[in-house]
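Visitor: Quick one: this structure, given as structure tokens, is what I'll be asking you about.
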Amino acid sequence: MNHDEHHLPLVIIFSRSNEISSSARSAVYQASKDPNGWRLAIFHLGGRSFEEPLRAQIPPSTHIDIFAEETFGTKGAYKTVAKALGDLEESFLLMGCDSDSQRFAVEFSSQLGGKILTNAYTFDGTSIVVAKGNRSRMEAQAIEYPSVAIFNPSPIATSRTYSSAGKQLAYESAEEEVIAIASPKSDAPAELSDAPFVLCAGGGVSDLATWNELTDLAGLLGATLGATRVLTDRGWAPNELQIGATGQGISPKVYFTFGVSGATQHLSNVEIPDKVISVNTDPACPMIAVSSLAVISDAASVAVELLRLIKEDDNAK
Ligand SMILES: Cc1cc2nc3c(=O)[nH]c(=O)nc-3n(C[C@H](O)[C@H](O)[C@H](O)COP(=O)(O)OP(=O)(O)OC[C@H]3O[C@@H](n4cnc5c(N)ncnc54)[C@H](O)[C@@H]3O)c2cc1C
């Protein structure tokens, strides 16, 4: 590999199942905008059926390294990747915000002293735009070598406008989303830890479109958005939105949940208020047991219906 190739942006994807995260797709899309080219390395830790559709979306000339690393453990991510890819000392890496990528980024920075840019949003080959200030504003930064950018396709999770409701942040629609989040609401909700009204999404939210709808709903209701570990593990929600034993503690006045089971590790860091509204298909789950209003229904349908009602109400004004 010559010197110039070291400076080509390198996207690293870890796939644990048959899918890759939306944030990893976002990293691929951003790297593909570099006019000088880019490289892609895929570490297969599970199924690989995502690979063909992904290849169809990127230029055929893209250099792709594929590694099957079945023994990838919870430690040593850096060594595994560095062994496979060689010298990373002058690299600029783009990754998703899934847990494998974040773990690698931490090891990368401790081994090489490289910088980690979290909440990265767009990249054009020379500069990168990241969300700053509790994700309330965007800032462009020059690329430094070595460094790793962790892409989050919805870095301003609670501030998207209604016009983007229901739109799945797909590879093709990333440009549109830039416009949608360019003017975040000024009345951004409070930090989770002192938020009076928290809307939390859990594993019962089974598709990214519904997660996006819930971020819109939280913004429209003035609620602060949170998530269970299931959603942070999927890479849909950034880690700082996780509520629970290994996330943030909350003590809201109103807690509104969608598809949250109410597992001990989640509820142990929730000061349960008088007003708990829960949408869940299982009437016997612990979350419903602590709720003052139980909505036994599909989370996606309830989210769509609430957005429709709010829009109808807005139009009537
Ligand atoms: C050491 C450790 C630390 C942990 N720390 C945390 C933590 O900080 N925070 C945290 O949240 N978890 C944490 N966990 C994980 C925790 O144990 C649970 O696995 C997790 O909270 C479950 O999240 P969930 O309720 O969103 O998902 P699931 O357990 O998958 O539950 C999904 C719920 O959605 C319902 N549902 C399914 N389909 C639908 C639908 N269509 N519409 C509506 N509802 C539906 C189901 O009935 C179910 O109640 C930790 C675990 C460990 C071991």
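Residue numbers (the numbering used here): 218 to 534.
Where is the CB? At the ideal position from N, CA and C, for every residue including glycine.
1. Given the structure, does residue 446 come close to ligand 1, in the sense that its CB is under 7 angstroms from one of the ligand's heavy atoms?
2. For the region 307-319 and the region 232-249, state whether three or more C-beta atom pairs, one from each stretch, are separated by less than 8 angstroms.
3. Between residue 337 and residue 347, is the Cβ-Cβ spacing less than 8 angstroms?
4. Tell me the DSSP bridge mates of residue 495?
5. The beta strand (DSSP E) with residue 295 in it runs from where to where?
6. Does ligand 3 have a heavy atom nearer than 7 angstroms to the CB of residue 330?
7. Any idea what DSSP makes of residue 525, helix, strand or coil?
8. Can you tell me where the alpha helix (DSSP H) with residue 485 in it begins and where it stops?
9. Give the straight-line distance between the Cα atoms of residue 410 and residue 440, rounded to the nearest whole angstrom.
10. Along the chain, where does the alpha helix (DSSP H) that runs through residue 429 open and close?
11. Under the assumption that residue 427 contacts residue 511 (Cβ atoms under 8 angstroms), give the Cβ distance between them as a whole number of angstroms.
12. Is the beta carbon of residue 431 closer than 8 angstroms to that of residue 422?
13. Quick one: is residue 513 buried, meaning 16 or more other Cβ sit within 10 Å of its Cβ, or exposed?
14. Does the beta carbon of residue 369 fall short of 7 angstroms from some heavy atom of ligand 1?
15. Please state if the CB of residue 362 and the CB of residue 417 are separated by a distance shorter than 8 angstroms.
16. Where does residue 520 fall in DSSP's three states?
17. Express the C-alpha separation of residue 506 and residue 225 in angstroms, rounding to a whole number.
18. If you drop the 5 nearest sequence neighbours on each side, which residues of the same chain put their C-beta closer than 6 angstroms to that of residue 424?
19. Alpha carbon to alpha carbon, how far is residue 489 from residue 281? Give it in angstroms, no decimals.
20. Can we say the region 326-335 touches the region 241-254, given the rule of at least three CB pairs closer than 8 angstroms?
21. Can you round the beta-carbon distance between residue 237 and residue 309 to whole angstroms, since I take them to be within the 8 angstroms contact cut?
Guide: Straight from the coordinates:
1. Against the sequence shown, residue 446 aligns to sequence position 229. The beta carbon of residue 446 sits closer than 7 angstroms to at least one heavy atom of ligand 1.
2. Yes: the two stretches touch, three or more of their Cβ pairs being nearer than 8 angstroms.
3. Stepping through the sequence shown from its first residue, residue 337 is reached at position 120. Stepping through the sequence shown from its first residue, residue 347 is reached at position 130. Using a Cβ distance threshold of 8 angstroms, residue 337 and residue 347 count as a contacting pair.
4. Translated into positions along the sequence shown, residue 495 becomes position 278. DSSP links residue 495 through a beta bridge to 474 and 511.
5. Start at 1 with the first residue of the sequence shown, and residue 295 comes out as number 78. DSSP places residue 295 in no beta strand (DSSP E) but in the uninterrupted alpha helix (DSSP H) bounded by 294-302.
6. No copy of ligand 3 occurs in the structure displayed; its ligands are ligand 1 alone.
7. As a working mapping, residue 525 is identified with position 308 in the sequence shown. For residue 525, the three-state secondary structure derived from DSSP is helix.
8. By 1-based counting over the sequence shown, the position of residue 485 is 268. Per DSSP, residue 485 belongs to no alpha helix (DSSP H) and is neither H nor E.
9. For the purposes of this step, residue 410 is taken as residue 193 along the sequence shown, with counting starting at 1. For the purposes of this step, residue 440 is taken as residue 223 along the sequence shown, with counting starting at 1. Between residue 410 and residue 440, the C-alpha separation is close to 13 angstroms.
10. The sequence position of residue 429 within the sequence shown is 212, counting from 1. Here the alpha helix (DSSP H) through residue 429 covers 425-438.
11. For the purposes of this step, residue 427 is taken as the residue at position 210 of the sequence shown. For the purposes of this step, residue 511 is taken as the residue at position 294 of the sequence shown. Contact doesn't hold; Cβ gap of about 19 angstroms is too wide.
12. To locate residue 422, count along the sequence shown from 1; it is residue 205. To locate residue 431, count along the sequence shown from 1; it is residue 214. Yes. Within cutoff.
13. Here residue 513 refers to the residue found at position 296 when the sequence shown is read from its first residue. Only exposed fits residue 513, as fewer than 16 other CB atoms lie within 10 angstroms of its CB.
14. Your numbering for residue 369 matches position 152 in the sequence shown. Checking every heavy atom of ligand 1 against the Cβ of residue 369, none is found closer than 7 angstroms.
15. To locate residue 417, count along the sequence shown from 1; it is residue 200. To locate residue 362, count along the sequence shown from 1; it is residue 145. No, Cβ-Cβ distance for residue 417 and residue 362 is not below 8 angstroms.
16. In the sequence shown, residue 520 corresponds to position 303, counting from 1. Residue state, collapsed to three classes: helix.
17. As a first step, residue 225 must be located in the sequence shown, where it is residue number 8. As a first step, residue 506 must be located in the sequence shown, where it is residue number 289. So the two alpha carbons sit approximately 53 angstroms from each other.
18. Looking up residue 424 in the sequence shown gives position 207. Around residue 424: no qualifying Cβ.
19. Position 64 of the sequence shown, counted from the start, is the residue given in the question as residue 281. Position 272 of the sequence shown, counted from the start, is the residue given in the question as residue 489. Taking the straight line joining both Cα atoms gives about 49 angstroms.
20. No, the region 326-335 is not in contact with the region 241-254.
21. Residue 237 sits at position 20 when you count from the first residue of the sequence shown. Residue 309 sits at position 92 when you count from the first residue of the sequence shown. 20 angstroms between Cβ atoms; not a contact.
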